[in-house]
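Take a look at the structure below.
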Amino acid sequence: MGDEHVTMHQPKKIDIPPTKSQNNPVMKPIYSYALLAAFAAVGAASAQTTATTTPVGYISLGAPTGDAIPAGTDNIISIPLNKPSAYSGAVSGSTGTTISFAGTPFTASAFTATPHVVEITSGTKKGVTGLVTANTSSVLTVASVDGTDFSGLTVETVTIRPAWTVQGLFATAVVPAGTQLLGYTGTAEGINVPTDVILEWDGTNWIDLAVTGDVADNTVLHPGESFIVHNVTATAIPSLVVNGEVFKNKFRVRLENLNTSVDQDIPVSYASSVPESVANSGITPLAQVGDQINITDSSLTGVNKSASVILEFDGSDWIDLAVTGEPAQATTYIGGGFGLTYRRKATATISNWDQNPTYIPTL
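Terminal number for the sequence shown in this note's numbering: 373, no gaps in between.
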C-alpha cells in the first residue's frame, strides 16, 4: 500500500449517504439529482458527438448524518472517486514492468515527483492498475497493484493520473492530532486479520507508526482497498469530503487465500462512485458456497465495531445471516465510499473480481 514519495472542474455534489433499514445499514442508496443530471447530460452529449466527458463531483465519507467520524469512533471507508487524469492515450508496447509509447509524450520524471498511477482502459487487461515508479519521455516503469504484469500490450489505451495519498484524502478535513488511518498489506493469513499499516496524524504530518516512524504523507491509497479511520480522540472529524472524477473504467480486486487450509479475510471495497447492489457487483460468479460479505454500520459510534451486515453465499444467493435469514443480494448495496471485508473459503480458487459499474453505459 505504501509509497514514500513525499493533486477541476467545478464540482457537483454526489450525495449518496446510505439510509438505515432493518437488515442493512448500507442498504438503500440515495442518488443525488446533481449526479443523475450530470450522467444524463453526459449521455446526451455522447449520443450527439464522439466526445466523452467524465462527470466530476464530491462525496462525503463516514457517517451518513452528523459528524463524519465522531469522537471515539472507527469508520471503514474506501476511495470513491479518481483524481483527474494527467494523460490518456494508446501504448506502443510493454514488458512485465514497463509500458512504452510512440514519440516523446512525457517529461522525464514527471510522474514520480508526486505519486501517479496508470490504469489499462481497453483490451483483455482492462482494469489492471500500477504505480508509476519511474518514467522517461516515452516509457513508464510500473509496479502492479494486484500482481498482474503488464506484458502483451500493443495498442491498448491507458490513463495516467495522480494517486490518492493519505495527505490528499484528508486535505480538506479538520483532523485532530492522534487520529489514525489503518490499512492492510494483504500478508496476514486467516480471519480477523489485524491492520498492519498504521498512519497517525501528529498535527502536521502523517507518521508511519508500523514500520519506519517517519513522515508518510505520500503513502498511496488505491480504489478497491478498505481503510479504517480510527478516531480515538475526544474531538470529532466534522466532515471528510473527496473531490474527483467518477469511476468509468473496469475495477479489479484480487481475491486470494494465503493459506488453503484456513478461510481468509480480505479487506476490500467495490470501486464504484455510487452504491451497487451485490447482485449487480459481479461478485456472485466468483463466490464459493460459504463465502461471506461483512459490513459495519457507519452510523454507529464506537471502535472495533462488529459487522452489522453478514451475507453468506449459499450457491445461488447471498443470505442475510445478521437479521432476516432471507436472500439479500438484490437489496444490499456496496460501494460509493464504503469498505467491506470479504471472507473467502479456504478451498476457493484465486480470482480477480473485476466489473464495470452499471452506470458506465450512460456516460
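Backbone N, C-alpha and C define an ideal beta-carbon position, used for all residues, glycine too.
As the structure is a computational prediction, the values presented were derived from the model and not from experiment.
| query | result |
| --- | --- |
| Thr-294 (DSSP reduced to helix, strand or coil) | helix |
| Test item: CB-CB of Glu-166 and Gly-196 under 7 Å | no |
| Thr-311 versus Ile-247 - alpha carbon distance | 13 Å |
| Nearest residue (CA-CA) to Gln-274, options Glu-266, Gly-292 and Tyr-280 | Glu-266 |
| CA-to-CA distance, Ala-112 to Asp-84, given in whole angstroms | 47 Å |
| Val-239 versus Tyr-352: straight-line alpha-carbon distance, rounded | 19 Å |
| CA-to-CA distance, Val-256 to Val-66, given in whole angstroms | 6 Å |
| The stretch 340 to 350 contacting the stretch 295 to 310, beta-carbon criterion three pairs below 8 Å | yes |
| Three-state secondary structure (DSSP) of Ile-370 | helix |
| Exposed unless 16 or more other CB atoms sit within 10 angstroms - verdict on Asp-156 | buried |
| Residue from Asn-228, Tyr-369, Tyr-343 and Gln-302 whose Cα sits closest to the Cα of Ile-201 | Gln-302 |
| Cβ-Cβ distance between Val-185 and Tyr-68 below 7 Å | no |
| For Gly-188 and Ile-86, the rounded distance between their alpha carbons | 17 Å |
| Residue from Glu-286, Val-203 and Ser-104 with nearest C-alpha to Ala-340 | Glu-286 |
| Segment contact, 8 Å Cβ cut-off, at least three pairs: the stretch 167 to 183 with the stretch 86 to 103 | yes |
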